[in-house]
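These protein sequence lines map, in sequence, to chains A and B. Here the first sequence is numbered in our numbering, starting from 1 and rising by one per residue. Here the second sequence is numbered in our numbering, starting from 189 and rising by one per residue. For glycine and all other residues, C-beta sits at the position ideal for the given N, C-alpha and C. Keep in mind it's a predicted model, so treat the numbers as computed, not measured. Take a look at the structure set out below.
Protein chains: 2
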Amino acid sequence: MMSTLKSKILVVATDLFQTRGINSTGVDTIVAVAGTTKMTLYKYFISKENLILEVLKKGHDDFQSWLSEQLNTNSKKPSEKLLKLFEFIEEWVTSPNFRGMGFIKASAEFPNEESPVHQLSAEQSREFRQYICSLATDANIKDAEGLALQLSLLFEGAVQAEQMKRGSGAMKYAKKASKILIDGALSD
Amino acid sequence: MMSTLKSKILVVATDLFQTRGINSTGVDTIVAVAGTTKMTLYKYFISKENLILEVLKKGHDDFQSWLSEQLNTNSKKPSEKLLKLFEFIEEWVTSPNFRGMGFIKASAEFPNEESPVHQLSAEQSREFRQYICSLATDANIKDAEGLALQLSLLFEGAVQAEQMKRGSGAMKYAKKASKILIDGALSD
DNA sequence: GTATATATATACAGGTCTGTATATATATTT
DNA sequence: AAATATATATACAGACCTGTATATATATAC
Numbered sequence: 001m002m003s004t005l006k007s008k009i010l011v012v013a014t015d016l017f018q019t020r021g022i023n024s025t026g027v028d029t030i031v032a033v034a035g036t037t038k039m040t041l042y043k044y045f046i047s048k049e050n051l052i053l054e055v056l057k058k059g060h061d062d063f064q065s066w067l068s069e070q071l072n073t074n075s076k077k078p079s080e081k082l083l084k085l086f087e088f089i090e091e092w093v094t095s096p097n098f099r100g101m102g103f104i105k106a107s108a109e110f111p112n113e114e115s116p117v118h119q120l121s122a123e124q125s126r127e128f129r130q131y132i133c134s135l136a137t138d139a140n141i142k143d144a145e146g147l148a149l150q151l152s153l154l155f156e157g158a159v160q161a162e163q164m165k166r167g168s169g170a171m172k173y174a175k176k177a178s179k180i181l182i183d184g185a186l187s188d
Numbered sequence: 189m190m191s192t193l194k195s196k197i198l199v200v201a202t203d204l205f206q207t208r209g210i211n212s213t214g215v216d217t218i219v220a221v222a223g224t225t226k227m228t229l230y231k232y233f234i235s236k237e238n239l240i241l242e243v244l245k246k247g248h249d250d251f252q253s254w255l256s257e258q259l260n261t262n263s264k265k266p267s268e269k270l271l272k273l274f275e276f277i278e279e280w281v282t283s284p285n286f287r288g289m290g291f292i293k294a295s296a297e298f299p300n301e302e303s304p305v306h307q308l309s310a311e312q313s314r315e316f317r318q319y320i321c322s323l324a325t326d327a328n329i330k331d332a333e334g335l336a337l338q339l340s341l342l343f344e345g346a347v348q349a350e351q352m353k354r355g356s357g358a359m360k361y362a363k364k365a366s367k368i369l370i371d372g373a374l375s376d
């Protein structure tokens, strides 16, 4: 099991990275807020970059498992899952705990394609798109990849908008747009 | 008229901010690439933050004037402008000079809503959306604001995707999606 | 109670960053 | 040629950053 201190550091770093930016958050700040010391942080994470990568992994895994569980327990038909996708995403975005999507901000702060942080961000974005694609394939969509890309654009755009201004209501319109695109693709 | 050195610094900073990140680019690097010195930079810009703001302003103004000129010279009917919007945006994104949209990255690196950089980013995002909204209003779209928001989400999502991976082709699918959404809104 | 693992406290080395101070050079103008 | 504006060269102060070294404290296990 994961040490409570390690997981505390991960939680605090996730929050600080989102609210202050990754490069603007020093490890001194992280350990101060987490109520521990640098020695402990460097015991669990070999470097700040390693910490960033673990924060990204945890954030993505948490989101993906939450989302797929919501979809699996609340829908049966594949097309229903697809249509309910943005319902749950909206729920997630409008929850008070929402701080943004890790890989979107990380890729902006680490634009160099050779950076491990950038590479992980790109991989997570691809993974999410593939998950949508699998939903579309199950729902017998003809151009599943095309629809998945379009929906992921709406998703990333709305998250971006919500990161820029909390309570923007962007996801409500993304949901409407997704319904139009999905309905269109279903009748192709 | 603007000094050639000042404009050179702006051009270099724009490029470095996009390719390496804003916080990861020091003023020493900027002046070295621009072939000048720090003393000159601080003659034209009172601080790095001031330079960032001017870089953002120039980038946004350049894009907006280029886009509206393209639309005005190539289309007559308002609805035509709306439909051609993503044609030109795709052209802009796929041009070899494309380095990303300034305000999208800047808002990620400066998440604090009180930061002047964040505020300018948010304002530019709003301005762009309002421009789309004016196109939609001219084309007699019923819910012009709603469509404008949806199109801007597609736009920001596709730019985000393209920043993450050059040559992703995301804008091609954004263009298709925009056509579906616009056609739907026109027939409402 | 002694040994062992874990966490703390503190200091610091070496680097980078922004912004300024000081002195010199190069043009342009009169 | 002298005066003025503009650019350069260089050094540095003060702050912050990551990562480590050293010594101490606390808790669990045997």
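Distance from the Cα of residue 272/B is smallest, within the candidate group 282/B, 258/B and 281/B, for 258/B. Rounded to whole angstroms, residue 14/A and residue 297/B show a C-alpha spacing of 15 Å.
At least one CB atom of chain B sits nearer than 8 Å to the CB of residue 153/A.
Pairing residue 326/B with residue 333/B, the inter-Cα distance amounts to about 12 Å. Taking a beta-carbon distance threshold of 8 Å, residue 132/A does not count as an interface residue toward chain B. Contact between the region 217-236 of chain B and the region 299-318 of chain B is absent: fewer than three C-beta pairs spanning the two stretches fall below 8 Å. Residue 204/B is positioned such that its CB atom lies closer than 8 Å to that of residue 217/B. Bounds of the alpha helix (DSSP H) holding residue 146/A are 144-164. In this structure the region 356-364 of chain B lies against the region 141-161 of chain A, because at least three pairs of beta carbons, one per stretch, are closer than 8 Å. Straight-line measurement puts the Cα of residue 371/B at about 37 Å from the Cα of residue 120/A. For residue 374/B, no chain A residue has a C-beta closer than 9 Å to its own C-beta; the minimum C-beta separation is roughly 13 Å. Taking C-beta atoms as the reference points, residue 359/B and residue 373/B fail to come closer than 8 Å. Residue 287/B sits in coil when the DSSP states are folded into three classes, being neither helix nor strand. At least one C-beta of chain B is nearer than 8 Å to the C-beta of residue 150/A. Rounded to whole angstroms, the gap between the alpha carbons of residue 117/A and residue 348/B is 16 Å. Within chain A, the residues whose beta carbon sits less than 7 Å from that of residue 369/B are 177 and 180, listed in sequence order. Counting the other Cβ atoms within 10 Å of the Cβ of residue 234/B gives fewer than 16, which makes it exposed.
Taking 8 Å as the upper bound for CB-CB distance, residue 323/B and residue 154/A are not in contact here, some 20 Å apart. For the C-beta of residue 88/A, not a single chain B residue is nearer than 7 Å; the gap to the nearest is close to 18 Å. In terms of beta-carbon proximity, residue 296/B lines the interface with chain A, with at least one pair separated by less than 8 Å. In this structure, the beta-carbon distance from residue 23/A to residue 211/B falls below 8 Å. Taking C-beta separations shorter than 6 Å and ignoring five residues to either side along the sequence, the partners of residue 330/B in its chain run 376, following chain order.
Under the 8 Å criterion on CB atoms, residue 26/A is classed as non-interfacial with respect to chain B. When secondary structure is reduced to three states using DSSP, residue 201/B falls in the helix class. In the three-state reduction of the DSSP assignment, residue 174/A falls in the helix class. Linking residue 295/B to residue 267/B through their CA atoms gives a straight-line distance of about 31 Å. DSSP places residue 251/B inside the alpha helix (DSSP H), whose first and last residues are 236-262. Among the residues facing chain B, residue 49/A is not included, as its CB has no counterpart in that chain under 8 Å away. Burial state of residue 356/B is buried, judged by a 10 Å Cβ sphere holding 16 or more other Cβ atoms. Considering only 8/A, 101/A and 26/A, the residue with the shortest C-alpha distance to residue 62/A is 101/A. In this structure, residue 103/A lies near residue 125/A, with their beta-carbon atoms less than 8 Å apart.
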